[in-house]
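Numbering-wise (this note's numbering), the sequence shown opens with residue 316 and increments by one.
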Amino acid sequence: MARIWRDRYLTTSPYQSTPPSDRYGGRCSTPTAQIISALRDSDEQRQVKKSPAHHFLLAPHNPKSSDMTTSSSAPSGDLTSQILQALSEKSPLLSSEAFPAIAFQDIKAALDRLASRSMITYETIDKEEAILEPEAEQIAEHGSHEARVFEALRNAVEGLSIQDLEKAIGDKTVTKVGQGKAFKEKWIKKSADGKLVATAESIEDVTQAQLQKIKETRTHEPKILTDLRKRKLIKMQKVISFKIEKGPKFALEIQKEETDLTADMIASGSWKTANFKPYNFKALGADQNAGALHPLNKVRHEFRQIFFEMGFEEMPTNKFVETGFWNFDALFVPQQHPARDLQDTFYISDPKVGDAPRSEEGQNTEEYWENIKQVHQNGKFGSIGYRYPWSAEETKRLVLRTHTTAISTAMLYKLAAQKGPDGRPPPARYFSIDRVFRNETVDATHLAEFHQVEGVIADYGLTLGGLMEFMEVFFAKMGITNLKFKPAYNPYTEPSMEIFSYHEGLGKLVEIGNSGMFRPEMLEPMGLPKDMRVFGWGLSLERPTMIKYKISNIRELLGHKVDLNFIERNPAVRLEKE
């Protein structure tokens with residue numbers, strides 16, 4: 316149809332039923348409002364200035380406006396005046412009836428402007444209307460095909476041949492269709508000489524009456540609408556219009572609203588008659604440049620939720636500097652191990668050494684210190700040890716922690732001092748996610764500092780099969796399945812396993828973590844019972860983050876080269892979602 320139908324009969328979702336808030340209504344400050352109130356209360360003779368009304372003559376509604384090929388678009392100011400004038404004569408009114416030729420977006424903008432000033436209220440009405448097809452427009456104006464055939468034959472007393480009937484009507488299609496329906500209604504018959512003659516004095520053209528009513532009201536009984544749709548005389552279209560009513564501040568002219576109380580207003584007294592714009596507490600404030608969470612923090616949050624869901628307790632990890640005792644010796648890492656070399660570990664230059672572990676309630680740190688020395692130097696608790704001269708000075712050297720397992724060791728030592736209902740240390744689950752430091756060459760996949768995700772489970776009767784089953788459950792919560800396990804070596808776990816998963820994108824198995832069961836040489840010096848076993852596993856926080864955010868260079872994720880726009884524009888991720 317013409318553009319006017321596109322404007323009036325929209326098929327999009329219904330617009331909001333209440334007028335939107337004016338986004339600029341909140342510019343007056345609260346002290347300003349208090350000053351206005353105080354000044355007005357003190358002036359009992361205040362008079363409100365009223366603007367003279369301006370009347371606009373509305374163009375009469377033309378029922379044939381639907382035949383127009385373009386929709387009219389009135390200037391916003393002129394249209395608002397027309398709406399106010401129309402409301403002064405009739406309230407409420409429908410926009411589709413009062414302004415049928417105005418584009419939808421224009422009428423909506425004008426209504427929003429008036430509603431923001433409380434001059435009108437309006438609600439959206441969403442309904443279906445019947446629209447006449449071009450053939451139905453002709454029937455509504457000239458009559459149905461069968462009625463036109465009947466009228467032509469009634470005017471010819473002696474009847475007409477088919478050729479003469481076509482000439483009388485002037486439309487071959489109307490003649491052909493009308494003949495059949497007229498015969499069916501028994502309005503005409505064929506005489507002995509082969510001519511068509513009328514058989515009734517008068518008829519009622521029901522189809523024309525129905526279409527004329529639909530053209531006027533755009534609706535009819537459902538049964539009739541269904542029948543006319545089958546005959547392809549009408550079509551149904553969704554129409555969005557507005558029911559408009561007078562508002563509490565209705566007037567025939569839009570008055571200027573002041574947004575600020577100035578010193579000149581107070582000095583001249585013009586504030587007494589000024590029309591101040593009301594506060595709009597629903598107005599949205601301007602967007603502020605706020606901080607944004609780093610992608611690592613978003614993924615870290617996902618990991619924390621998984622741990623909490625599985626009943627873990629978070630360990631305190633606010634110590635970046637550790638002694639060699641907690642970082643290496645307590646984990647049964649020998650003092651000659653390559654991991655303790657300068658090329659792998661950052662040692663603190665000043666001060667170089669720290670204190671020996673201090674005892675807390677229920678702990679005997681001196682005994683623990685001696686047990687660690689013996690298990691390294693001579694062997695103990697069923698182990699032959701490493702059998703080398705253990706150096707107390709070496710174990711006190713300060714390092715930037717190379718793994719958060721140093722924290723896990725301290726937490727397990729505290730657990731050994733606790734007593735459950737049976738007099739033994741209770742089962743526990745701990746986790747940590749924090750930064751660790753390695754003296755490594757920086758490249759696209761390695762940094763000198765990164766984040767380690769670590770978990771430990773201490774309980775009685777734990778087995779290697781139980782560790783593998785738990786790993787499958789844990790990683791499944793991240794969306795990682797089809798795990799493979801490979802034997803490995805760690806100084807403080809035996810047996811040890813590397814964890815792999817098949818990477819669809821790379822088409823191969825990729826290492827995703829390391830795990831194992833802590834050695835007796837690490838647990839029994841703390842005082843933990845022989846039948847208490849401890850699972851331990853860990854992985855990098857950066858690797859799953861790089862996969863989820865499709866980052867190939869770790870320096871684009873962490874460090875001084877990170878693009879701040881990347882941090883701000885990237886949403887949070889769900890580890891179990893692709």
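C-beta atoms are modelled at their ideal positions from N, C-alpha and C, and glycine is treated no differently.
Item	Value
Helix, strand or coil at His766 according to DSSP, with G and I counted as helix	strand
Supposed close pair Ala430, Thr439 - CB separation, criterion 8 Å	The pair is not a contact, with the Cβ atoms about 12 Å apart (cut-off 8 Å).
Integer-rounded CB distance, given that Ser747 should sit under 8 Å from Glu764	Actually they do not touch by this definition, with Cβ atoms about 15 Å apart.
Thr808, buried or exposed, once every other Cβ within 10 Å from all chains shown has been counted against 16	buried
Any 3 or more C-beta pairs closer than 8 Å across the region 582-600 and the region 613-626	no
Cβ-Cβ distance between Ser816 and Phe790 below 9 Å	yes
Thr660 beta carbon less than 9 Å from that of Arg753	yes
Identity of the residues DSSP links to Ser830 by a beta bridge	Met812, Trp852
Own chain partners of Ser406 with C-beta closer than 7 Å, once the 5 adjacent residues on each side are dropped	Glu560, Lys561
Sequence-distant residues of its chain with Cβ nearer than 6 Å to Gln692 (five each side left out)	Trp705
Bridge-paired residues (DSSP) for Arg712	Val668
Residue environment, Phe623, which counts as buried when at least 16 other CB atoms sit within 10 Å	exposed
Cβ neighbour criterion (16 or more within 10 Å) applied to Gln478	exposed
Leu879 classed as buried or exposed, judged by whether at least 16 other C-beta atoms fall within 10 angstroms	exposed
Euclidean distance between Cα positions of Pro736 and Ala743	14 Å
With 16 other Cβ atoms within 10 Å as the buried cut-off, status of Arg834	buried
Which listed residue (Thr541, Lys711, Asn686, Ile687) has its alpha carbon closest to that of Lys667	Lys711
Run of the beta strand (DSSP E) containing Ile503, from where it starts to where it stops	503-505
Asp774, DSSP secondary structure in three states	strand
Residues near Tyr324 by beta carbon distance below 6 Å, same chain, minus five either side	A caution first: Tyr324 carries a pLDDT of 35, below 50, which makes its placement in the model too unreliable to give a value.
Enclosing beta strand (DSSP E) for Phe752 [first to last residue]	743-752
Burial state of Asn633 (16 or more Cβ within 10 Å)	exposed
Alpha helix (DSSP H) segments (min. 4 residues) lying fully within the region 464-540	477-484, 487-499, 521-532
Inter-stretch contact (C-beta, 8 Å, three-pair minimum) for the region 560-574 and the region 585-596	yes
Three-state secondary structure assigned by DSSP to Met786	helix
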